[in-house]
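Colleague: Pasting a structure here, questions to come.
Protein chains: 2
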Amino acid sequence: MINTDEMYMKKALLEAKIAMDKDEVPVGAIIVHNNKIIAKAHNLTIHLCDPTAHAEMQAITAACNYLQSRYLDQCTLYTTLEPCIMCGSALSWSKIGKVVYGASDQKRGISYLEKNILHKKTIIKKNILMYECGNLLSEFFKKKRKLKQKN
Amino acid sequence: MINTDEMYMKKALLEAKIAMDKDEVPVGAIIVHNNKIIAKAHNLTIHLCDPTAHAEMQAITAACNYLQSRYLDQCTLYTTLEPCIMCGSALSWSKIGKVVYGASDQKRGISYLEKNILHKKTIIKKNILMYECGNLLSEFFKKKRKLKQKN
C-alpha cells in the first residue's frame, strides 16, 4: 500500500535537493489539489535576494495563481521543514486545508508560538520522512561550518 | 518643523488610497533608506489573486531588490496598518531597522501575539496619523457592508 503523505513528501524532498544544489538552505514545498501537484517550489532567498522567498510562500502564490483563487481550502501543502511564522501566517490567510511537514524547527517554526496561527480548520500532520528532511538540513549546515572553519 | 514620520506616513497613505481606488483593502507601505524612498507598495491581494500580496511584503521584496541585500537593517518601513503576523515575521527575516505604523489591528496585527516576533533590534513606533489611516479602512468596510445589504 502506498503511503500518500510519504509519496508527496518525497516530491517536496526533490525540491529541497534542488535548493541544496543551488547552495540555498534546502527546504522544498509542493501543493496538492485533487491528487494533482499544482505547485512546486524551493527556497530561493539568496538567489532572489529576497527574505520572503521561502519555498512555502512561492508555492502559495503559484497555487493561488493556478486555481485563480485566494483560498486553498481544498489543498494540502507538503513542506520538508516546519513552516516559519511568516509562512504559517501566509498559510492561514490562504485558509489551506491541510499542512504536512517533515522536520521540526523549534527556533523559527510555528510551534514556537503559544497560539496556533494557522486557520482553525487547517489539519496539521508532522514528522513525515522527518529524518530524510532533517538530514538534508544537517548536511547543508555541516558543510557551511566546515567552509567557515577553512576560511 | 517638519515631522519626518508624519511626512513619510502621508506617502504611505497615498499608496493606501491607490489600493482603495482599486477596491482593495486600503493599506499602503513605503520603505525609506538614507532619507530616500526606495520602495512603495499597496495591498494587491485581490488583483494578484495572492493572499501574500500585502503592501509590506511587496515593499520588502522591492527594497531588497533595490539594495541587492536580504537585510534592511538601515531602513524604516512606514505602513498605514499594524503589520499582520506574516508581514511582521517577514520584517523580522529582513532585520529591518525601524517599523512605523498608523492604525492598530488588534485581531490580525503582530501585537495579537504575546511574543515579539520582530527582530530584537527593530524599533517600533505606532499611532502615526492613526486617525487618517484608520478612517480610510473604516470608510472602505462601511462601503462594503452597504453594498452587501443592497444585494
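Residue numbers (our numbering), protein chains in the order written: chain G, 1 to 151; chain F, 152 to 302.
Beta carbons are placed, not taken as given, at the ideal position from N, Cα and C, and that holds for glycine.
#1: Mind listing which residues of the segment 71-98 of chain G have their C-beta closer than 7 Å to chain F's C-betas, in chain order?
#2: Does the count of Cβ pairs from the segment 245-262 of chain F and the segment 271-285 of chain F closer than 8 Å reach three?
#3: Report yes or no: do the segment 257-270 of chain F and the segment 230-244 of chain F share at least 3 C-beta pairs separated by less than 8 Å?
#4: Provide the residue span of the beta strand (DSSP E) that contains residue 129/G, from first to last.
#5: Determine whether the beta carbon atoms of residue 96/G and residue 72/G lie at a separation below 8 Å.
#6: Mind checking which residues open and close the beta strand (DSSP E) that includes residue 180/F?
#7: Taking a Cβ distance cut-off of 7 Å, strictly less, list which residues of the segment 195-209 of chain F are near chain G, in chain order.
#8: Kindly list, in the order they appear in chain G, the residues whose Cβ is closer than 8 Å to that of residue 220/F.
#9: Just to confirm my understanding: we take residue 226/F, look at its own chain, exclude 5 residues before and 5 after, and list those with CB closer than 7 Å. What are they?
#10: Could you check the C-alpha separation between residue 212/F and residue 37/G for me, to the nearest Å?
#11: May I ask which residues mark the beginning and end of the alpha helix (DSSP H) holding residue 217/F?
#12: Counting only the same chain and skipping the five closest in sequence on each side, list residues whose C-beta sits under 6 Å from that of residue 191/F.
#13: What would DSSP say about residue 223/F, mapped onto helix, strand or coil?
#14: Along chain F, which residues have their Cβ under 7 Å away from the Cβ of residue 113/G?
#15: By the three-class DSSP mapping on this structure, what secondary structure does residue 87/G have?
#16: In chain G, which residues lie less than 8 Å from residue 211/F when you measure between Cβ atoms?
#17: Please decide whether residue 133/G counts as near chain F, where near means a Cβ-Cβ distance under 8 Å.
#18: Any idea what DSSP makes of residue 187/F, helix, strand or coil?
#19: Comparing C-alpha positions only, which one of 245/F, 175/F, 172/F and 206/F sits nearest to residue 52/G?
#20: Thinking just about the alpha-carbon of each residue, which of 175/F, 242/F and 275/F is nearest to the one in residue 207/F?
#21: Does the beta carbon of residue 185/F sit closer than 8 Å to a beta carbon anywhere in chain G?
#22: Could you tell me the distance, in whole angstroms, from the CA atom of residue 158/F to the CA atom of residue 290/F?
#23: Can the beta-carbon of residue 205/F be found closer than 8 Å to that of residue 194/F?
#24: To the nearest angstrom, report how far apart residue 287/F and residue 228/F are at their CA atoms.
Modeller: Taking the coordinates as given:
#1: 84, 85, 86, 89, 90, 93 and 94
#2: yes
#3: yes
#4: Residue 129/G -> no beta strand (DSSP E), and no H or E assigned at all.
#5: yes
#6: 179-184
#7: 196, 200, 201, 202, 203 and 208
#8: 49
#9: 182, 183, 184, 214, 247 and 248
#10: 27 Å
#11: 206-218
#12: 166 and 181
#13: coil
#14: 264 and 266
#15: helix
#16: 50, 51 and 52
#17: no
#18: strand
#19: 245/F
#20: 242/F
#21: no
#22: 22 Å
#23: yes
#24: 19 Å
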